[in-house]
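First up is the structure itself, then whatever we jot down about it.
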Amino acid sequence: TPLEIRYGGSISYIPSYNLLYIARGNFNFYWFYNLTSSSFLRYPKELPNTALEGGSIIVVDDSVYMLRGRNSSEFWRYNITKNSWEILANLSINIGTVSSMFEYNKYIYAIIGTTTSTQVFKYSISENRWYNATNETVIPLNVGSGLHTTTRNKTVFIILGDKQKEVMVFNDFANIFSSNSVDIGIGVNGLLYKVGDQNFFTRLNRGLNFLWLIYNGSTLNVYVNNTLIASHSINIGSSKILPLTIGEYLNGTIDEVKIYNKPLTTEEISDLYNHYGYTTPFYPGHTLVKKYLPTEPMIIIKEETIRN
309 TPLEIRYGGS
319 ISYIPSYNLL
329 YIARGNFNFY
339 WFYNLTSSSF
349 LRYPKELPNT
359 ALEGGSIIVV
369 DDSVYMLRGR
379 NSSEFWRYNI
389 TKNSWEILAN
399 LSINIGTVSS
409 MFEYNKYIYA
419 IIGTTTSTQV
429 FKYSISENRW
439 YNATNETVIP
449 LNVGSGLHTT
459 TRNKTVFIIL
469 GDKQKEVMVF
479 NDFANIFSSN
489 SVDIGIGVNG
499 LLYKVGDQNF
509 FTRLNRGLNF
519 LWLIYNGSTL
529 NVYVNNTLIA
539 SHSINIGSSK
549 ILPLTIGEYL
559 NGTIDEVKIY
569 NKPLTTEEIS
579 DLYNHYGYTT
589 PFYPGHTLVK
599 KYLPTEPMII
609 IKEETIRN
């Protein structure tokens, strides 16, 4: 860059012009970098005020949207074609240590982080209005310095920052941004059949968890650790379920998968959970799940890498 980047500096890509927008930080000017000509352009129209630490920017259509930064609630829009800035509706709170924005379902979402809490707001471009979306989202960990979001194919990836290794993934299938839930389901011929649970994260143990997805011809049931947590009446029909994909959109690790050719009952699920790998008392002499031993024969019908 022509000058060093300060606190409050940020960058975003403008695909329609093949430009990078770069705010220097702690100043009220910025640059465009033309990727086609490999050259910097400084536009004469200054920022409405200095960009501060914790601010963030996002490009939507032909406009650059910018949160000013720390201890400020100011929100601006830059019209690239007109080379002009517009003052938009302020956030209802001042930005803390960090912020990051992304576009999702016709809203601009802003994640606002402090050292002790994380809040989420969404901005309606058509209404020029902010809404508190904290209760519509599930971000179980606080964010910090290094927070970053990016979107690809309607899937949002969030790097939490603050020396955390976790990367969170939200998308249409998870439906997190509209119902404060995680939806679990199956896809048949391009259609998603889902059942949601409002408190999915709080039901998980640290470490290994057992999850069953049961469809009995009329109802889709979800069990987590021997407890029925969600149920939804659906009609999938008699469509052949091919191909079978397991773990799509999962933000985690799958240890083992078992597929049954019948819907298990609550008693069978409880039996599996409490007596995993043994001949069970509920079904004497009949092992529903048996741990594989190297001395036993094993047949692999088809094996594929499971995508996260």
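Residues 309 to 616, numbered by our numbering, are exactly what the sequence shown covers, in order. Glycine included, every Cβ here is placed at the ideal spot set by N, Cα and C. Only a predicted model underlies this, so the values are computations on that prediction, with no experimental measurement involved.
* Opening and closing residue of the beta strand (DSSP E) in which S578 lies -> Where S578 is concerned, there is no enclosing beta strand (DSSP E), although the alpha helix (DSSP H) it sits in stretches over 574 to 582.
* Asked: Buried or exposed: where does S408 fall if 16 or more other Cβ atoms within 10 Å of its Cβ makes it buried?
  -> Buried, since its Cβ has 16 or more Cβ neighbours within 10 Å.
* Asked: In the DSSP assignment, what are the bridge partners of G404?
  -> Note: G404 is not bridge-paired with any residue in the DSSP secondary-structure output.
* Asked: N402 and S381: beta carbons closer than 7 Å?
  -> Contact flag set, yes.
* Cα-Cα separation between T588 and S541, rounded to whole angstroms -> For T588, the pLDDT reaches just 48, beneath the cut-off of 50, and the residue's location in the model is therefore unreliable, although a value from the coordinates is still provided. So the two alpha carbons sit approximately 30 Å from each other.
* To do: Go ahead and pull the three-state DSSP assignment for T442.
  => Assigned with DSSP and collapsed to three states, T442 falls in helix.
* **W393 versus D369: straight-line alpha-carbon distance, rounded** => Annotation: W393 to D369 spans about 15 Å, alpha carbon to alpha carbon.
* Could you tell me how far apart the beta carbons of S425 and S364 are, in whole angstroms, since I believe they sit closer than 8 Å? => Actually they are not in contact, since the Cβ atoms of S425 and S364 sit about 17 Å apart, beyond 8 Å.
* Asked: My guess is that F518 and N533 are in contact by the Cβ rule of under 8 Å, so how many angstroms apart are they, rounded?
  -> A Cβ-Cβ separation of about 5 Å places F518 in contact with N533 under the 8 Å criterion.
* **Near the ligand SAM: L360 beta-carbon under 6 Å from a heavy atom** => Annotation note on the ligand SAM: not contained in the displayed structure, which lists no ligands.
* Asked: Mind checking T573: buried by the 16 CB within 10 Å criterion, or exposed?
  -> Exposed.
* Asked: Residue range of the beta strand (DSSP E) that T535 falls in?
  -> DSSP places T535 in the uninterrupted beta strand (DSSP E) bounded by 535 to 541.
* Asked: Secondary structure at S392, three-state DSSP: helix, strand or coil?
  -> Note: S392 maps to strand in three-state DSSP.
* To do: Output the boundary residues of the beta strand (DSSP E) element that contains F429.
  => For F429, the enclosing beta strand (DSSP E) has its first and last residue at 426 to 432.
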